[in-house]
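Comments concern the structure below.
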Amino acid sequence: MAIELNEEQKTIVEYDGDKFLSVQAGPGSGKTRVIVEKVKYMVKELGVKPESFLIITFSTKAADELKDRLIEGEIPASDVQKMQISTIHSFCLKILEDTGTVGLDIIAEGDKQNLFIKKHLKDLGFEKESHLRSYEIDKVIGKYDEYSTFNVDTERLADYLEDNFPVSSDFVEFVSTYMDENDGAFPADEIKEIDKANENTVFKDSYNNAKQIQIAKSFKTYLDLLERENSIDYNQMQIKALKKMDEGYMPPYTNILIDEFQDTDPVQMQLFKKFIESDETDSFTVVGDINQSIYGFRGSNKNYFKVLLDEYSDKFLEVFLSTNYRSTAEIIDFSQDFIMPHHESEDDFITAKCGSGKTNEVYYMTSEDKKAEAQNILDVIRHITEDEKMMLSDIGILLRSVKSSSSCFNTLIELFEKNDINYQVRGTGDLAENDDLKYILTLMYHLIQDDDPYYTFVPRETSDWLNLKTLTGENALFELSDDTKSILNELQDRFEKEVIEMDKTVCSENDGWGRGIKKFNGIFTKDNKRKDEVFSRVKKPILSDENLVKYSVTDENDLVFFKKLNELKVKVNAEKYYERPTVSEVYFELLCDITGYLDYDLVVNDEETVNNLTAIIPSISVYGEVMYDRSLRGAFWFIKNSLKKLDSYKPDEDAVQIMTVHKSKGLEFPVVILASLRENGFPTAFKEVDVESVEYIPEEFLGFDKYDGDAESSHIEEEERVIYVAKTRAEDELILSSIGEAPECVGDVITMNEYCRQIDLSDMEINILNPSHVDEEDEIINLSFTALENYNECPFKYKLSNELGLNVGQKKEIDDGIFIHSALEIVNKKIKANDNEYVGDEEVSRTVELLFEKANLKFKEEQPDKYNVKLETITKDVIRYYHEVGNDLFIVNSEYPFYIKGENYTFSGIVDLIYEKDGKLGILDYKNTSLVGKEFLAKYRKQLHFYVMALRDENKEFDGHKIDEIQIYAIKYKKGNKLFSFDIDDDYIEELKVELRETAEKIRNDQFAAECADCSGCSYKKICGK
């Protein structure tokens, strides 16, 4: 065998028996190595066909890493490409595409799903008494996830909720009348006042009941909306794939391998059972560790290893990977003692062995409070790094949460900052505190705010910075003159003073409103009625060109700055939707044209700042994709809220790693400090489920059981597994840090083991093992044809577009060619799923109409005649392709992804069409162009040769066939035949391999000079200054 394996590993790798395998793999036991070696053994030694493999991984990153390791293990890339190595969701999507459900818009969890629901709040019935506030949408998503994961009968649930949780008719009538009379404003403050006056909570309870009832009632509508818009979320992806298999479809995979099996949810288990019960399945292997099951909040609550052995005892052989090569003997023993009570007997428990030969004590310390704990952790870090044997990056500080006020996190960060300790944090959402982005958001707010001087709306959480002083502060991206700064500061101070005084006046006129606020920000804590009354009497400063002259702003540069800003404001608020710039164009203009902040020097010299500025671009893209890409008002609030979920960029450096335990899964550190342990804090205490609550779903409405046992024991066990996972991240030193007395589950194990040593904080002694620092591997550059051409055209353009993701963004209503290209992709997949029979002009027309309408709702609304003309033109062009070209081609594969790895690069992309015609195999690429001159044809030829290179195996074949021809279809070419063919040149392919290597090496060496021969048409010339 290529590498040395221990006996347990070798047994699993070479197993070729009649039973399927259930592999319990403990921490550090070489699980991924075994998966790789098993696949290699099956392919090379047993002759198993690569295309028969289905390998499910927990994440896309894990899938890519597995592919890389298989290729490095001498399995040809072309064979790895034939294997279905993916997440469960990618696999389910493939099932749907293979059975004719194609062109789906994936509404992934997070921002995109949130926006989809926000867009359809009215359709979903969240209005009047069921009014939903934006921050509550995530709760709706959580309920929808629960309904899908546990197959909840929502129609019966809704009936049950309506029967048992009343909504007062007085409440319904009051809310309806109020909203009709107040432009749709919801009476949140008034509801509180009515309940207070009546000394009950009838209206509050009615409001909560109405929302929960509507969530249940709206779920079917949500599914209908997904269907109508040809969209799908991850849960429905699984459910629909399972339905296809229930209807008789069986994916063509006979050798199945499931990684991280402990994280399986009920729907996924039903999918896996289809393979387990199929007579066609040759091998089925699951790998995981039930002790590391910590995703109960995603529905992974049950022990499916046990289910396999209970329901399929005659089919499965249980085996173990028990040798831990990661940790010291003591860390292993301590972790074992800790998790052992979760197991009914020693028979179902992996007794781990130490494979590293390392030994050390396990350390613990207690602190009086979180402030003292932070100081103690700092002292420990100083101690263990003082001889420079241990690097800061060797240390992982793991917490239950980095947002909980009960942990030492915030105090620790303050101490690190004060003492110049480098650190990196994952999962804080601290990008919201970035001063550059606050400034840009303040400019955006100026662009969208109402020019009525007696109307002010500022969210409470932004009241300390969303004002004129952000434009004058030391972190301003455009440096105003001192005189202008003084004027704007005085305007803001005067406005704030007048608000404070007016609030006192308003309070004196209204009994029960108190004496008035003492600080300006206090007004934002008051109810809407009081705020509206105060702001309606105080004139706010408006920075119009006319007003700036009245305010005595005279500096020419400052006036030009505000003039540009106000000109952009006019464009942003244009009456006709398509006369407005896109949100990405606005962002780009603010950074480049108006502030002049984003320039060549910043990009080259300030990696951290530029990466933080570009971090919000995906949020801008998502908003434009789901909502409206020219609506800055809606995008502003979305971007502001999205920043709370994003982390600031930190350059790679020697730094302490701080994260939640969940973020640490799959990682390991020489030193782990498990921080802020405390009884009922970490692990968190169980909150009793109120079975009388409107939010509780009775078991009778669940299609799948939620837990193996009861909710309380499931919660306690999962919380303890979280601690177990944290401990097992440690290689050499494990330090348990508690606030007050250690939690009982931890303290008991400390007491029973003599190797546990309390740290003497006054005379610190910690045995530091020599960490095994692995030399950093050379960076692998990820390339595509577009990235390569960007670099060839201008290395600086590549830097901006491909490394930083700074794309101005294409408009959704861009030219016809884009939609023709997209329609061809979708129709080709439908034809392939239809046994390669043309689906007919009517189905093609319907496909184009759905695709075009979804991206052009505003166009259809504002210019229906032009919309219909364009739709008709596009539809005719698509049908023409099939009548003249497409119907003569047998579709071998459509939208075929490829991935190849060289010594310093990976190269990936998607081939539009692989076809067979007259016994010849060919590649066809659709080009959204009318440009077919010599220069452009050379570029198309180059791209097609890259495709040939990527698709060929070691025999220069694709799936056993020689690639005979390569062509492009010029979608917009009107002067004759749209097909252009090229001869395949093997020598040219070898030249392209050299180009890939050389380009990757230049990128590795940070060669990003602005070398564009012609910048006239480049959107980045504002940055490079050429």
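Under UniProt numbering, the first residue of the sequence shown carries the number 1, and numbering increases by one thereafter. By construction, the Cβ of each residue, glycine as well, lies at the ideal position given by its N, Cα and C atoms.
ask   = For the ligand NAD, any of its heavy atoms closer than 7 Å to the Cβ of Glu498?
value = You won't find the ligand NAD in this model; it holds no ligand whatsoever.
query = Is the CB-CB distance between Ile294 and Ile56 below 8 Å?
reply = no
task = Could you tell me which residues DSSP pairs with Ala1000 in its beta bridges?
result = DSSP, once it has assigned bridges, lists no residue as partnering Ala1000.
key: Boundaries of the alpha helix (DSSP H) in which Tyr439 is found, first to last residue   = 435-448
ask   = So what's Cys1012 in DSSP terms, helix, strand or just coil?
value = Here Cys1012 carries a coil assignment [DSSP, helix/strand/coil].
task = Compare the C-alpha of Phe297 against each of Ala950, Asp263, Ser283 and name the closest.
result = Out of Ala950, Asp263, Ser283, Asp263 has the C-alpha closest to the C-alpha of Phe297.
query = What residues are listed by DSSP as bridge partners for Ser367?
reply = Ile739
query = Under the DSSP definition of a beta bridge, which residues are partnered with Gln24?
reply = Gly288, Phe320
Cut-off 7 Å between Cβ atoms - residues of its own chain near Leu937, not counting five sequence neighbours on either side = Phe980
ask   = Which two residues bound the contiguous beta strand (DSSP E) that contains Ile85?
value = 84-87
query = For Phe219, which three-state DSSP category applies?
reply = In the three-state reduction of the DSSP assignment, Phe219 falls in the helix class, which pools H, G and I.
ask   = Since Val80 and Leu93 are thought to touch, with beta carbons under 8 Å apart, how far apart are those beta carbons, to the nearest angstrom?
value = Not really, about 20 Å apart at Cβ, beyond 8 Å.
ask   = What do you get for Val549, buried or exposed, if any count of 16 or more other CB atoms within 10 angstroms of its CB means buried?
value = So Val549 ends up on the exposed side.
Reference Lys438; option with closest CA among Phe535, Leu468, Thr875, Tyr915 = Leu468
ask   = By Cβ distance, which residues of its chain are closer than 8 Å to His383, with the 5 residues on each side in sequence left out?
value = Met764, Ile766
ask   = Count the other CB atoms within 10 Å of the CB of Tyr696; is the residue buried (16 or more) or exposed (fewer)?
value = exposed
Span of the alpha helix (DSSP H) around Phe852 = 841-855
task = Using the Cα positions of Phe58 and Leu104, report the straight-line distance between them to the nearest angstrom.
result = Between the alpha carbons of Phe58 and Leu104 lies a gap of roughly 22 Å.
query = Using the C-alpha atoms, what's the distance from Cys1012 back to Trp465?
reply = 40 Å
ask   = What do you get for Pro341, buried or exposed, if any count of 16 or more other CB atoms within 10 angstroms of its CB means buried?
value = exposed
query = Does the pairing of the region 263-274 with the region 238-250 give three or more beta-carbon distances under 8 Å?
reply = yes
task = Determine the direct distance from the alpha carbon of Ala188 to that of Asn209, and round the result to whole angstroms.
result = Spanning the two alpha carbons is a distance of roughly 15 Å.
query = Thinking C-alpha only, which one of Ala185, Ile826, Lys799, Lys540 is nearest Arg494?
reply = Lys540
ask   = Alpha carbon to alpha carbon, what distance is there between Val458 and Thr875?
value = 47 Å
inquiry  = Can you tell me which residues form a DSSP beta bridge with Gly922?
reply    = Tyr915, Glu965
query = Which residue from Glu579, Leu598, Arg580 puts its Cα closest to that of Phe588?
reply = Leu598
request  = Give me whichever residues DSSP pairs with Arg460 in a beta bridge.
outcome  = Answer is none; Arg460 lacks a bridge partner.
request  = Entirely within the region 169-195 and at least 4 residues each: give me those alpha helix (DSSP H) ranges in chain order.
outcome  = 169-181
key: Test item: CB-CB of Leu132 and Lys211 under 8 Å   = One thing to note: Leu132 has its Cβ within 8 Å of the Cβ of Lys211.
request  = Within its chain, find whatever has a CB closer than 6 Å to the CB of Leu643; leave out the 5 residues flanking it on each side and keep chain order.
outcome  = Leu431, Ala432
query = Within this structure, are the beta carbons of Ala726 and Ser393 separated by less than 8 Å?
reply = no
key: Exposure of Arg846, with buried meaning 16 or more beta-carbon neighbours within 10 Å   = exposed
ask   = Where does the unbroken beta strand (DSSP E) through Arg633 begin, and where does it stop?
value = No beta strand (DSSP E) holds Arg633; the alpha helix (DSSP H) holding it covers 632-642.
inquiry  = Once DSSP output is grouped into helix, strand and coil, what is the label at Gln1007?
reply    = coil
message = Considering Cα atoms alone, identify which of Ile542, Ile617, Lys112 is closest to Tyr455.
response = Ile542
query = Could you give the distance in angstroms between the alpha-carbon of Arg729 and the alpha-carbon of Pro27?
reply = 8 Å
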